[in-house]
Ligand SMILES: Cc1cc2nc3c(=O)[nH]c(=O)nc-3n(C[C@H](O)[C@H](O)[C@H](O)COP(=O)(O)OP(=O)(O)OC[C@H]3O[C@@H](n4cnc5c(N)ncnc54)[C@H](O)[C@@H]3O)c2cc1C
């Protein structure tokens with residue numbers, strides 16, 4: 214089939230790769246300039262996603278850029294004291310067969326792009342904005358900003374939070390500002406060595422805020438995220454003196470090491486966080502949505518890109534051996550049925566995680582955290598098993614609706 218993909222982020226490229234490997238002709242339209250840098254620095258990928266990447270033969274390329282954390286830690290933001298931890302490393306790899314890792318978002322996107330080009334040539338049109346979609350007699354057509362259009366058998370809207378395809382298919386509802394903003398950026402690990410950042414994914418909790426640190430680029434850079442509460446969504450703010458002063462003010466409740474780390478970020482970016490209530494439908498006719506276009510989520514479970522990768526794997530399975538508009542439409546319904554409950558659960562759990570991270574300190578909360586800390590120390594396997602539903606999921610073999 215001819216498959217048109219709006220959006221060449223991690224989700225769109227993942228879909229392009231697996232669909233082209235299945236023999237489809239794929240074209241990707243992405244509005245970013247070919248040389249645009251990927252903003253947002255690091256992402257964490259859990260075994261539910263690394264399993265899929267490995268099945269696409271990307272294990273080695275990812276390994277060359279990855280950092281493998283030893284654990285996930287929850288820490289007190291003021292003292293840095295560890296409150297609880299989950300062992301990752303070989304223990305988690307043995308449990309699920311695939312690793313938990315950190316990678317720079319730009320590296321991940323480049324690995325996918327190179328694999329797409331190797332599989333089917335130069336099919337990604339950069340700097341090409343999709344403006345609309347029409348479907349005439351079962352054939353979808355993408356409208357492009359330059360006035361041209363592209364016609365195919367299937368359209369996939371992988372065009373992110375403010376998806377133009379979602380807008381055409383399901384109307385103009387807006388993503389919801391969650392009340393959180395995130396400072397994001399990278400610090401040179403050599404300059405931060407004296408801060409003794411541990412080889413872990415660490416979340417430092419403070420009332421109404423939390424900060425996350427982990428290594429990327431094989432340990433050469435520290436990824437920093439600082440999440441704070443705001444009543445209104447701010448404009449995105451790039452590095453300037455005002456931004457640095459605002460970040461320093463926001464970081465005031467945190468331990469001095471974290472404050473210093475935040476001051477070492479090379480290009481701090483303030484990022485309002487949006488999500489969306491679960492959409493009732495993702496597909497109409499021969500068009501569907503994937504990734505943040507249909508289920509944007511808070512980053513507090515580190516799953517948005519992982520879910521987009523899972524989506525791509527399931528969508529490719531649903532489109533195997535399908536032809537004709539009716540069969541395509543049926544396959545897209547199966548895809549959304551297969552994915553909706555899981556992604557809605559991850560959206561909800563990510564929201565709940567935010568409340569937990571930002572809870573005000575009360576004696577009861579202190580007790581809960583102490584019990585959780587003791588539990589994770591005394592019964593590490595039990596603590597890990599809480600995430601089996603998420604990290605143990607196999608999108609490559611999970612049952613599909615009939
Ligand atoms: C602070 C933060 C931390 C995060 N950490 C993690 C993490 O640790 N692990 C994880 O799994 N996820 C994480 N995420 C989530 C993750 O970044 C997203 O869920 C993921 O990037 C979604 O991929 P996508 O391809 O669906 O969308 P996007 O990455 O948004 O890609 C969409 C693409 O479409 C293009 N586009 C948009 N509109 C158009 C148009 N009209 N025409 C053509 N092209 C268009 C865009 O330029 C972009 O290239 C984090 C998010 C945030 C904000």
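Residue numbers (my numbering): 214 to 615.
The beta carbon of each residue, even a glycine, is placed where N, CA and C say it ideally should be.
Just so we're clear, the structure is a prediction, and the values are computed from it rather than from any experiment.
Residue i (DSSP reduced to helix, strand or coil)
{"i": "residue 495", "result": "coil"}
{"i": "residue 248", "result": "coil"}
{"i": "residue 423", "result": "strand"}
{"i": "residue 554", "result": "helix"}
{"i": "residue 569", "result": "helix"}
{"i": "residue 548", "result": "helix"}
{"i": "residue 297", "result": "strand"}
{"i": "residue 283", "result": "coil"}
{"i": "residue 562", "result": "helix"}
{"i": "residue 447", "result": "coil"}
{"i": "residue 434", "result": "strand"}
{"i": "residue 512", "result": "helix"}
{"i": "residue 411", "result": "coil"}
Cutoff 7 Å: residue i Cβ touching any chain B Cβ
{"i": "residue 542", "result": "Protein chain content of the structure displayed is limited to a single chain, and chain B is not contained in it."}
Cβ neighbour criterion (16 or more within 10 Å) applied to residue i
{"i": "residue 527", "result": "buried"}
{"i": "residue 397", "result": "buried"}
{"i": "residue 353", "result": "buried"}
{"i": "residue 490", "result": "exposed"}
{"i": "residue 598", "result": "exposed"}
{"i": "residue 469", "result": "exposed"}
{"i": "residue 517", "result": "buried"}
{"i": "residue 288", "result": "buried"}
{"i": "residue 455", "result": "exposed"}
{"i": "residue 481", "result": "buried"}
{"i": "residue 360", "result": "exposed"}
Residue span of the alpha helix (DSSP H) that contains residue i, given as start and end
{"i": "residue 378", "result": "377-383"}
{"i": "residue 260", "result": "260-268"}
{"i": "residue 275", "result": "272-278"}
{"i": "residue 528", "result": "517-531"}
{"i": "residue 473", "result": "469-476"}
Residues near residue i in its chain [Cβ-Cβ closer than 7 Å; skip 5 each side]
{"i": "residue 274", "result": "324"}
{"i": "residue 403", "result": "none"}
{"i": "residue 613", "result": "530, 531, 547, 551"}
{"i": "residue 306", "result": "312"}
{"i": "residue 408", "result": "470, 473, 474"}
Cβ neighbours of residue i in the same chain (closer than 8 Å, five flanking residues each side left out)
{"i": "residue 383", "result": "492, 494, 497"}
Residue range of the unbroken beta strand (DSSP E) whose run includes residue i
{"i": "residue 315", "result": "314-317"}
{"i": "residue 391", "result": "389-401"}
{"i": "residue 350", "result": "Run containing residue 350: none; DSSP gives neither H nor E here."}
{"i": "residue 616", "result": "This structure leaves residue 616 out entirely; the chain is present only between 214 and 615."}
Same chain, Cβ closer than 6 Å to residue i, five either side skipped, listed in chain order
{"i": "residue 229", "result": "218, 239, 241, 329"}
{"i": "residue 438", "result": "395, 397, 425"}
Closer than 6 Å: residue i CB and nearest ligand 2 heavy atom
{"i": "residue 499", "result": "Of the ligands one can find in the structure shown, namely ligand 1, none is ligand 2."}
Original post:
So does the segment 506-522 actually touch the segment 552-565, counting three or more Cβ pairs closer than 8 Å?
Top reply: They touch, by the three-pair rule.
Subject >> Contact the segment 360-374 vs the segment 219-235: 3+ CB pairs below 8 Å >> reply: By the criterion of at least three beta-carbon pairs nearer than 8 Å, the segment 360-374 is in contact with the segment 219-235.
**OP:** Taking 8 Å as the threshold, find out whether the segment 277-295 comes into contact with the segment 422-437 through three or more Cβ pairs.
**Re:** Yes, since at least three Cβ pairs between the segment 277-295 and the segment 422-437 fall closer than 8 Å, the two stretches touch.
Original post:
Using 8 Å as the Cβ pair cut-off and three pairs as the minimum, do the segment 522-541 and the segment 600-610 touch?
Top reply: Touching, yes, given that three or more Cβ pairs across the two stretches are closer than 8 Å.
Original post:
Taking contact to mean at least 3 C-beta pairs separated by less than 8 Å, is the segment 293-300 in contact with the segment 265-274?
Top reply: The answer is no - the segment 265-274 does not touch the segment 293-300, with fewer than three Cβ pairs under 8 Å.
**OP:** Please determine if the segment 232-251 and the segment 329-346 are in contact, where contact requires at least 3 C-beta pairs separated by less than 8 Å.
**Re:** Contact annotation: the segment 232-251 touches the segment 329-346, with at least three C-beta pairs closer than 8 Å.
Original post:
Can we say the segment 356-370 touches the segment 436-444, given the rule of at least three CB pairs closer than 8 Å?
Top reply: These segments do not touch.
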